[in-house]
Every structure is written in C-alpha cells, then in structure tokens.
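Those sequence lines, one after another, are chains A and B. Sequential numbering of the first sequence, starting at 19, is according to the working numbering. Sequential numbering of the second sequence, starting at 19, is according to the working numbering. Backbone N, C-alpha and C fix where the C-beta goes; we use that ideal spot for every residue, glycine too. As the structure is a prediction and not an experimental result, all values here were calculated from the model. Following: one structure in structure tokens, then a few remarks.
2 protein chains.
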Amino acid sequence: MDIRDLFKDWTALIDQEVSIEGWVRNHRDQKSFGFLMVNDGTDFRTIQVVYEESIPNFSDIQKVRVGAAIMVQGVMVKTPQNAQPFEIKARSITEVGSSPEDYPIQPKRHTREFLRTVPHLRLRTNLFTALFKVRSILHHSIHSFFESQGFVHVAAPIITSSDAEGAGELFQVTTLPLDKLPKKDGEIDYSEDFFGNLTHLTVSGQLQAEIFAQNFKRGYTFGPTFRAENSNTKTHASEFWMVEPEMAFSDLNTIIEVSKNMVQFLIKDVLEKAPVEMAFFDEFVEKGLLDKLNKVLTSPFAVMTHKEAIDTLLKSGKKFEILPAQGKDLATEHEKALVEIQDGPVYVIDWPEEIKAFYMRLNDDQKTVAAMDLLVPGAGELIGGSQREERPDLLEKRMKAFGIDPKSLQWYLDLRKYGSTPHAGFGLGFDRMLIYLTGVENIRDVIPFPRTPKNCQF
Amino acid sequence: MDIRDLFKDWTALIDQEVSIEGWVRNHRDQKSFGFLMVNDGTDFRTIQVVYEESIPNFSDIQKVRVGAAIMVQGVMVKTPQNAQPFEIKARSITEVGSSPEDYPIQPKRHTREFLRTVPHLRLRTNLFTALFKVRSILHHSIHSFFESQGFVHVAAPIITSSDAEGAGELFQVTTLPLDKLPKKDGEIDYSEDFFGNLTHLTVSGQLQAEIFAQNFKRGYTFGPTFRAENSNTKTHASEFWMVEPEMAFSDLNTIIEVSKNMVQFLIKDVLEKAPVEMAFFDEFVEKGLLDKLNKVLTSPFAVMTHKEAIDTLLKSGKKFEILPAQGKDLATEHEKALVEIQDGPVYVIDWPEEIKAFYMRLNDDQKTVAAMDLLVPGAGELIGGSQREERPDLLEKRMKAFGIDPKSLQWYLDLRKYGSTPHAGFGLGFDRMLIYLTGVENIRDVIPFPRTPKNCQF
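Spelled out as structure tokens, the structure:
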C-alpha cells in the first residue's frame, strides 16, 4: 500500500498487518535491531520501520544501504515517545534493489550546485521531493482554475513559422544536413527543409490563444516556450512554461480581476493540498514564506498608473541606483520599492506605448497602452498582460512602428477583420510562480531538467 | 452573460432581461424583422435572437453579416414551436465588430481540406467548435485521471541531448549561424552551439517519467513530442502529444489494469461532459460512434500473447494481404481482425524481443519481452507499453544489441544501479485518442495547428 494511506488512516491501522514498498532514506543498524526510514514518494514523510533479530534475513537486512528499494511486511504499532505517533514493526523485509556505496544521495547536506549535476537522483532528497510534488500540484491547480472559469484549453504549437513578439532570440528547428546545406542563388534553400520554410521554437502561445478566445470567448494555453537568450541569471531558463489566458469581450479591468483571482486561487490550493511540504519550505527554505503568501490572500491589490508609480517612487525619498523616470521601464529595485510602499501586491497599468509590445491597445491619450504588470512582495513582476489592440488600422500601424511586416501576421490581422471584439489577456511564468510559492530561488532548481546556456543534460 | 448559462437555467430566465455577446453564425432578415443565430463558444448550441422594427438601429442591424461580433440585450421568451424552447426578443443590438463579405466561414458546407487553409478561422464551424471543445475536455480528463490515482506530473523537457528510442528521425535545435558554421578539425563545432552540444526535439518523455517513478512511485508526462518522419498519412503528425505514465513496484499486469481503467475513465468523462458535442459526432461524423464507445465501457478486455494472436489470425480463415507470422509485427489488417474476432478490445502481450524497444523487460523464455499493445475496435493500436528492464546487466546487453552506447544513457542505467525496482509504463497518443473519440479521422483536423511535412502555418 501507499505510505500516504498509512498517514491518512493510521489510527484505524494500529495493530493491523500492513505492507509497503519504498526507498531507504536512512538506516541505523544496532547489534540486535535496526531502524529503516522509508519513503515511497506518495507522502513527503518517511515512515520508520523497526526490525529485530527475529526476522529471517536479519544479517542481510543489516547491510541494506541508503537508496535501496525494499518491501516490508509488518504490524503498525503506536510509538507515543517518537516524533511520529506510529511505526512499522517488521515481520519480513525484502531488498528489491540494492544501493552500492557510491550512491550520491547520502543522508547529509548536499549543495544545490552538486545536486544539479545529478538531476536524475536529486529528487530523492527532501527538498526536491517537496518541490516537484508542489510543482505537480500547481500544474493541476492552474488547469483547475481555468476549467472552473469556462476557459477552453489550446496547446499552442511548439514549432512555429511566426515570431510572436517580433523580437527575441530564437532557436531554429531544422532537418537540413548542416554539413551539406542545400543552396539556391547563394542562400540556404529552406524549401528543402522539413516544413518547406524557416521554423523556430515558439516564444509565446498568446497569438494562438487569441484565436481561441475569438471563438470560445475564453481560451488559454499552458505549455513550454523558448528563449535563446544567453543570460545566466537565477530567473532565466531557455525552456520554461507559460500560462496565457485570453478573453474576448473583455478589457484591462477584466484581466486585473481574473489574474488576481487566479493568484489567490493558486496560493490557496497549494497551501491546502501540500501543507506538509509548504511548512517544510517555510522552515528550511524561506522563513516567513507562509506569512508572505497568506498576506497576498488578504491584502487588497493596489492599482496605479505607470505615471503614478514613477511619482510615488520619486516622492518616496528612497535611494535608487537607476533613477525612476516618466516614460521609462521599471527596474527591479523600483518594483521592490513599490510593493514595499503599498505593503502588498500592485498592478501598474497604462504603460508608455514605446516600451511595450505591438499588440497592446493604445489608450485615448495616444501615449500609453492598456497594459498591466502585477508586482508582488518578494518577487517583483509576476504577471504581465494587456488589452489587445482590436482595431485593425491601429494594429497595423503599431506593427509597422515595431518593424513587423503586417503580411507575415495576416492571420492575426484577420482576427480584427472578421468579428473583432475588445479583448485582453495576460501571461504568468509557471516556473517563476513556483519560485515565489516555495522560496527556492533558482530556476535551475524548480525545473526538473532545466535548460540554460551550455547546459542540456539528458 | 455566457450563453451556456442561458441553456442551463432557461426556465428560470423566461420573461427576464438578459444580455449576451457572441458571433453571428446565421442571419435571416425579413422586411420588418429578423433572426440572428448567435454563438459565443461557451455552449455548442447557438441561441436565436429575434429583432423587430422597434429597435432603434433596425436598418443597420439588418445589414449585419455572418461572422460579426454583436452584443444583445433583450428578454427571454418561450417558443414552443421551435427546435429550441426559447429565444431572445431583442431590445437593443450593438455590432461590436463587423464582418466583410469575404468572410470565409459562410453558413454552408465547407470541405475539411479548405478549412485546413484557414486554421485561425475554421474553429468557428460547428465541427471544429465541437472538436476543440472535446479536445480541451479530454486534456483535463487525462490530468484528472492521473491526479486521482496519485501520479506526480513531470513536464519532460522538449529540447534534449538524449535520443530516447535509439532510433527515429529527429528535429535538430540550434542557434548556430547556418551561413557561417563554426568548424573544428573539419567538423561542425557544437561546443559553440547554444547548449554546447548537439540537441534535438524530444521523441518521448518516458525515460524522464521513469526518473519520477523511481522516487514518487507513480509519475507521468503529458506533453508534445516530435518525429521528423516524412510520412503523409491520416494518423501521423510531426508534433503530437503523448501521455506517458510510469509506475515503480509494478509489472505488466499493473499497466494492463491501469490503462484499461484510464481508457474507460476518459470515455465516460467525455460522454458526461460533452453530451451535445458527442451526439453531434455520432449524427454527422461517425454513425454508431456512441455505440462503439459504450461497448468499450462494458466489454471485457481480452488478453492474449503475441503467439496466440498469430495463431488466432491463422486459424480465422480470413484473407490477409500480409500473412501473419510468428515472430513478426502485426499489420493494421491483423489488428482489425483481432478486435473483430474478439468482438472488443484486445491486449496483445509478450512480443518477440527483436521487434520491440531496448528498454522492454526480457521474459524468462529469453525470446519475448513483457510488452503490451492495446487494440480497440475502429482504431487498431491505441496504447503501447511494457514492463521495463530493471536488471542493469540485461539492460546494458539489450542496449548494445540495439546499437546504443550505454555511456550515452549512463543516467538511465543509474536508475537500475541505485534502488532498482520492477516497473512498467505505457504511452497513449493523445491526438489518436481524440480521433477515436470523435470519429474525425484525420490528425490534421484534431490538432488545432497541425505540423506535417511541408506544412507549418503560423
């Protein structure tokens, strides 16, 4: 049976025969008895198995090492003096798969840098068992939220011939033989490539989600996106997951409301479904984590324009390395200051049009776009979104200003030609949300098999 | 409000003021009144809006074309003589976004071939509205099933430096400048590529799911996978989604049980959540679809060895283009014959070892592996799986026999070195499951933005 079922129903199981399977996390063998701490991944907690000389293969079991897979049959007994109120008194133990002495995950402190070198084994530590369990739960929570709100899911394609942002560094996808590239008029002949043209990995599923919103009213993508950006920071990965909902018949206020509801839903859901793991993060990874998250559940979310945000920063008397300025982007230090001043999450809206993407809707002032960034305590920008430009003439004008050939996005313009609606959407970086939720601050740790410059294991 | 809420509570809403938004699917304008059929994607059904000369902008509304986005305020009224028991009597109608005469999705029959040329608009037809809604529901059902069974989700990486199957045609991922490739000793110097080595798009997340199973007992991936296979068939796409669960402390019987439960759960869930759409497919796409699916819910699933399957085929008296033979793979015609003879789903197990993948567990006869294919009426092979070889020496031997350098998969061998367990897993092609569930038989139609040879739109 699963160890999680033991923890769930332990009072009913006292003095009952049980059998479990799992991996040895720790082993203390004494002369005439021993203790095995066993985890099977179904519960964060390990269960203590005590064995005595009476079991038939006592001397073999004494030699069982950390990392071994075992099967245990025994009786659940109360242990009022221990941290855990029960243990299993073994009748029989079988070693299913041994673990040699060079097993890298010994019961001691390993650095996270070392653990990154063994991504296939690091999940066998408390930290990564908790982290990847919460990652799985958060993944489900995201789908649950959007399903409950009547969003239709669309898997945006990974290989694409369009460049959603009109910028960014792209990964090329090809089956051409690099050692004998076909040429035509001196240029590489992409008509011979697999798809008959130049293709890349997607940087965003937003534009495809808009297609869905223009029929299903509410659509969302949740999947991998890619940036070939050669930056080695704690928050940048080359392959990362984005949640991108889009809503027709909606404006900036709609997405402020929906994104706030989403963030609060995700926090609540994870706290409810992973209380043991979240307490672990609060104790060992980020002191005060639970307070930080609970605050987001109860604080009002402030809303201020970009202009007001700059004014607030300038009047704050705080010192900045980069001076806040009207018309300019917010630096990380500015974001941090704003959530401090507001003492809670802040939506900054109505951004200068030149510094935001081409698809964002121009406000009546002709100077700002109906965009929003959500800043949260302890993480800065968590979400970015906007009302989308639904007026075909203005969209085309903005495309040209951003150096995008309207012909290359004719299908996107079609959405404005045929039954256009005011609509809006936003994007949440899944991995960054996990960083925020767990306090584990390096994206190389929250992604099971991270891809970063010069690093692609397996 | 959403049109789905009108359908849900219509009796309570009779004589009440309501307001809706949506797109015009059809418009019949008479001299002094008109009917607009409006859909907003939240319900498969359209709602009829009737308007009369009394509305202020009557002559403008008469000109509203199919595809336009409108907002309607009006009163819900009973219409006992119509197909639908209610309609909205409009008080005011606003055209939010017009639709010019060249709108491609007119209320007439379009060929699926034509609709494939407008993937951004084809979802505005009944067929594709139903299809992509069911696709979204099935996506949720898969996650629900595995969550309910205690599986931990892992997003297998898309960019990979390992080749899971030791075969297959791969898409290369690179940021090297193709017009001036860096060379070293006459070879392309991949140390200068983004990841510092040769990388591809993944063909399977199985091996990574095994890593998760070896800590969490049950793990699964559900995401995009890629094959650069130049084959133009109805069931092959270059980018497709796979569901791949893996279970530790499990054998072939476990995955037979779990995959059967999964298939039945998915069918039940979709029938329950999309009754209107499924009735539409049954009526207009595949006559007898619902009977076919209900049969899978009630039929026993037969289990026979590959040897028994060949014997059964040879004794059946049926004529085949390819003669069934011991030791050989099953052709599509053989699969069809087997489900016909069994009159229901069939698991074929214990396959000849030479024709199955390197990671499948060798049976004691030394000739077969503990593999299974699930064949279903009307689709042939739906699922393939196996117990995985957990014995390191035998796995390494099989790798070599398949021409795979064990060093290149040292991490995979590590899973057998440290706490190995008997384990098993299977794969379900998500898009093929959707083909099976809806009767829409071309993979170019069940995927919103399909990628096939020489075809990568957007």
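Contact list for B:R142 against chain A, beta-carbon separation under 9 Å: Within the second sequence, the letter at position 124 stands for residue 142 of chain B. In chain order: Q232, N233, Y436 and G437.
The segment 231-263 of chain B: positions lying closer than 9 Å to chain A by Cβ: Those residues of the segment 231-263 of chain B that come within reach of chain A (Cβ to Cβ, closer than 9 Å) are A231, Q232, N233, F234, K235, R236, G237, G241, P242, F244, A246, N248, S256, E257 and W259.
Near-chain A residues of the segment 71-98 of chain B - C-beta to any C-beta below 7 Å: G85, A86 and A87
Whole-angstrom distance between B:P466 and B:N44, CA atom to CA atom: Here the question's residue 44 of chain B lines up with position 26 in the second sequence. Here the question's residue 466 of chain B lines up with position 448 in the second sequence. Spanning the two alpha carbons is a distance of roughly 24 Å.
Contact under 8 Å by Cβ, B:L455 with B:V288: The sequence position of residue 455 of chain B within the second sequence is 437, counting from 1. The sequence position of residue 288 of chain B within the second sequence is 270, counting from 1. Taking 8 Å as the Cβ cut-off, B:L455 and B:V288 qualify as a contacting pair.
Contact under 8 Å by Cβ, B:G437 with A:S117: Sequence index remark: in the second sequence, residue 437 of chain B carries index 419 (1-based). Sequence index remark: in the first sequence, residue 117 of chain A carries index 99 (1-based). The answer is yes: Cβ separation under 8 Å.
Residue(s) in a DSSP beta bridge with A:G447: Here residue 447 of chain A refers to the residue found at position 429 when the first sequence is read from its first residue. Note: A:G447 sits in a beta bridge opposite A:M260.
At least 3 beta-carbon pairs within less than 8 Å: the segment 317-331 of chain A vs the segment 364-372 of chain A: yes
Local conformation of B:D47 per DSSP, three classes: As a position in the second sequence, residue 47 of chain B is number 29, starting the count at 1. Strand.
Residues, ordered as in the chain, of the segment 142-171 of chain B that lie near chain A by beta-carbon distance below 7 Å: R142, T147, F150, K151, S154, H157, H158, H161, E165, G168, V170 and H171
Close-in-space but distant-in-sequence residues of the same chain around A:K96 (CB under 7 Å, 5 per side omitted): Counted from its first residue, the first sequence places residue 96 of chain A at position 78. If we look at A:K96 and ignore the five residues flanking it on each side, its Cβ neighbours are I32, P103 and F104.
A:H12, enclosing beta strand (DSSP E) - first and last residue: Lying before the first or after the last residue shown, residue 12 of chain A is absent from chain A, which here runs from 19 to 476.
C-beta contact flag for B:F53 and B:V36 at 8 Å: Stepping through the second sequence from its first residue, residue 53 of chain B is reached at position 35. Stepping through the second sequence from its first residue, residue 36 of chain B is reached at position 18. Contact flag unset, no.
Under the three-state DSSP convention, the category B:Y121 falls into: Taking the second sequence and counting its residues from 1, the one referred to as residue 121 of chain B is at position 103. Three-state result, B:Y121: coil.
Stretch-stretch touch, CB-based, cutoff 8 Å, three pairs: the segment 152-170 of chain A with the segment 162-175 of chain B: yes
Beta carbon of A:R83 nearer than 8 Å to that of B:N233: Position 65 of the first sequence, counting from 1, holds the residue named residue 83 of chain A. Position 215 of the second sequence, counting from 1, holds the residue named residue 233 of chain B. Cβ atoms of A:R83 and B:N233: not closer than 8 Å.
Continuous alpha helix (DSSP H) assignments of at least 4 residues falling wholly in the segment 338-401 of chain A: The segment 338-401 of chain A contains, as complete alpha helix (DSSP H) runs of 4+ residues, the segments 350-360 (chain order).
DSSP three-state assignment for B:V95, whether helix, strand or coil: Indexing the second sequence from 1 puts residue 95 of chain B at position 77. If DSSP states are grouped into helix, strand and coil, B:V95 belongs with the strands.
Sub-8 Å separation of A:V42 and A:G92 beta-carbons: Counting from one through the first sequence, the residue named residue 42 of chain A turns up at place 24. Counting from one through the first sequence, the residue named residue 92 of chain A turns up at place 74. Cβ distance not < 8 Å, so A:V42 and A:G92 don't count as in contact.
Contact set between A:N473 and chain B, taken where Cβ atoms lie within less than 7 Å: As a working mapping, residue 473 of chain A is identified with position 455 in the first sequence. The CB of A:N473 comes closer than 7 Å to the CB of F213 in chain B, given here in chain order.
Residue of B:R22, B:A101, B:I38 and B:M94 minimising C-alpha distance to B:A30: Here the question's residue 30 of chain B lines up with position 12 in the second sequence. In this structure, B:M94 is the residue among B:R22, B:A101, B:I38 and B:M94 with its C-alpha nearest to the C-alpha of B:A30.
A:D197 versus B:D207 - alpha carbon distance: Numbered from its first residue, the first sequence carries residue 197 of chain A at position 179. Numbered from its first residue, the second sequence carries residue 207 of chain B at position 189. For the pair A:D197 and B:D207, the Cα-to-Cα distance works out to about 11 Å.
Strand pairing of A:P242, partner residues [DSSP]: What you label residue 242 of chain A is simply residue 224 of the first sequence in a count that begins at 1. Answer by DSSP bridge pairing, in chain order: A:W259.
Short CB-CB distance (under 8 Å) between B:G59 and chain A: Here residue 59 of chain B refers to the residue found at position 41 of the second sequence. It does: the Cβ of B:G59 has a partner Cβ on chain A nearer than 8 Å.
Neighbouring residues, chain A, relative to B:W41 (Cβ below 7 Å): As a working note, residue 41 of chain B is residue 23 in the second sequence. Counting only Cβ-Cβ distances below 7 Å, B:W41 has contacts in chain A at G437, in chain order.
Closest by C-alpha distance to A:D58, when choosing among B:G241, B:T251, B:L199 and B:K235: Here residue 58 of chain A refers to the residue found at position 40 of the first sequence. Per the Cα distances, B:K235.
Segment limits, beta strand (DSSP E) that includes B:F169: The sequence position of residue 169 of chain B within the second sequence is 151, counting from 1. Element bounds for B:F169: n/a, residue is neither H nor E.
Endpoints, beta strand (DSSP E) assigned at B:K107: Here residue 107 of chain B is taken as the residue at index 89 of the second sequence, counted from 1. Element bounds for B:K107: F104 to G115.
Beta carbon of A:I539 nearer than 8 Å to that of A:L219: Outside the modelled stretch of chain A, which goes from 19 to 476, sits residue 539 of chain A, for which no answer is possible.
Separation of A:N271 from B:D4, as counted between CA atoms: This structure cannot settle anything about residue 4 of chain B, because the visible part of chain B is limited to 19 through 476.
Same chain only: Cβ atoms within 7 Å of B:A246, ignoring 5 sequence neighbours per side: Here residue 246 of chain B refers to the residue found at position 228 when the second sequence is read from its first residue. The residues are E187, L188, F189 and S256.
Beta-ladder partner(s) of A:T251, from DSSP: Residue 251 of chain A sits at position 233 when you count from the first residue of the first sequence. In DSSP, A:T251 forms no bridge with anything.
Partner residues on chain B for A:G445, Cβ-Cβ distance less than 9 Å: For the purposes of this step, residue 445 of chain A is taken as residue 427 along the first sequence, with counting starting at 1. Those do not exist, as A:G445 stays about 17 Å from chain B at its closest Cβ, beyond 9 Å.
Neighbour flag for A:W28 against chain B, beta carbons, 8 Å: Position 10 of the first sequence, counted from the first residue, corresponds to residue 28 of chain A. So, not an interface residue.
Where A:E39 sits in the DSSP three-state scheme: Residue numbering aside, residue 39 of chain A sits at position 21 when the first sequence is read from its first letter. Reduced to three states, the DSSP call for A:E39 is strand.
Partners in chain A for B:F476, counting only beta-carbon separations shorter than 8 Å: The residue given as residue 476 of chain B occupies position 458 in the second sequence. Result: P175, T178, S179, S180, L225, Q226 and W429.
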